[in-house]
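Down below is the structure, laid out as structure tokens.
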Amino acid sequence: MQLALRVGIVVRQQNPKVVREPLFRKYGPEGTIRNLTAFEFLSVALSFVLGLAVTLLLTSLLAAFRARRTTRMDWLPFVWAGFVLTYQFQYWWAIFELSALPEWSVATFGVLLLLAVILFIAGGVILPSGATEYPADLSDYFLQDGRWGVVAIACYGIAGALGNLVLFETPLVSRLNAVQAGLVLVALLVAGSSNRTVQVGGTLVFGVLLGIGVTLATPGAY
Numbered sequence: 718m719q720l721a722l723r724v725g726i727v728v729r730q731q732n733p734k735v736v737r738e739p740l741f742r743k744y745g746p747e748g749t750i751r752n753l754t755a756f757e758f759l760s761v762a763l764s765f766v767l768g769l770a771v772t773l774l775l776t777s778l779l780a781a782f783r784a785r786r787t788t789r790m791d792w793l794p795f796v797w798a799g800f801v802l803t804y805q806f807q808y809w810w811a812i813f814e815l816s817a818l819p820e821w822s823v824a825t826f827g828v829l830l831l832l833a834v835i836l837f838i839a840g841g842v843i844l845p846s847g848a849t850e851y852p853a854d855l856s857d858y859f860l861q862d863g864r865w866g867v868v869a870i871a872c873y874g875i876a877g878a879l880g881n882l883v884l885f886e887t888p889l890v891s892r893l894n895a896v897q898a899g900l901v902l903v904a905l906l907v908a909g910s911s912n913r914t915v916q917v918g919g920t921l922v923f924g925v926l927l928g929i930g931v932t933l934a935t936p937g938a939y
């Protein structure tokens, strides 16, 4: 018996009959077999990107710890790194809700993958990724490069609101979108300002709004 792998199917060549079976299968209770759903298959890619994003951010935090003796630290980038980590956790937790989608299209998967990629970018630039890249002053890094992580957070908020509208028909005028709009505006304000007072005040306001947004958008259990 010879097995030939094709796109989407396994062709088991038997003489004289050819039997075609789905490539992606899952074993259920008592050895029963069922095909994987689109959610089960595609959510693996989303989880893979999110896993890389979390790993990159945690690696940056460890690099910061190693560079503590040679770099003048600043608490502000670490707070924003915490915000990014919160978004990553919330998105990963909310992925289960996608199982309720009646069908998956290329556009649907593309939007969801884009959100995961934006979180990867945010976590990759909010802090230096290696001890050798650390400047003498971490606040200088935040002004030059770290602020782009804050811009990525704003982009995530915009893309997330549009995604909720298209996928879940969330009304544009809602409490969640009002909080989301506030988060985007505050993030852009912090990213575009070089004034320390504005950055600190915006960071505190963002933290409060993020707590409200996560509470509204995240189910406590499934």
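Numbering (the working numbering), first residue to last: 718 to 939. We treat Cβ as the ideally placed atom computed from N, Cα and C, and that holds for glycine. Predicted model only: the values in this text are computed from it and were never measured.
Are the CB atoms of residue i and residue j nearer to each other than 9 Å?
i, j, result
"Tyr873", "Ala839", "yes"
"Val868", "Leu905", "yes"
"Phe826", "Leu902", "no"
"Gly863", "Trp797", "yes"
"Leu889", "Ala878", "yes"
"Ala958", "Pro845", "Examination of residue 958 is not possible in this model, given that the chain is present from 718 through 939 alone."
"Ala934", "Leu893", "yes"
If you draw a straight line from the alpha carbon of residue i to that of residue j, how long is it in whole angstroms?
i, j, result
"Arg786", "Glu886", "51 Å"
"Ala876", "Met790", "32 Å"
"Ala780", "Trp865", "19 Å"
How would you call residue i, buried or exposed, if buried means at least 16 neighbouring beta carbons within 10 angstroms?
i, result
"Gly909", "exposed"
"Leu775", "exposed"
"Ala762", "exposed"
"Leu740", "Because Leu740 carries a pLDDT of 43, less than 50, the predicted location of this residue cannot be relied on, and the following value inherits that uncertainty. It counts as exposed."
"Gly919", "buried"
"Leu921", "exposed"
Could you say which of the options lies nearest to residue i if we only look at CA atoms?
i, options, result
"Trp810", "Ala833, Glu820, Phe758", "Ala833"
"Val896", "Val907, Leu882, Val925", "Val925"
"Val801", "Thr788, Pro936, Leu815, Phe923", "Phe923"
"Val915", "Ser816, Leu860, Thr788, Ala938", "Leu860"
Give every residue of the same chain whose Cβ lies closer than 7 Å to the Cβ of residue i, excluding the five residues on either side of it in the sequence, and list them in chain order.
i, result
"Gly841", "Leu773"
"Leu927", "Phe800, Thr803, Leu900"
For residue i, which residues of its own chain have a beta-carbon under 8 Å away from its beta-carbon, when the five flanking residues on both sides are left out?
i, result
"Val828", "Ala876, Leu879, Gly880, Val883, Leu884"
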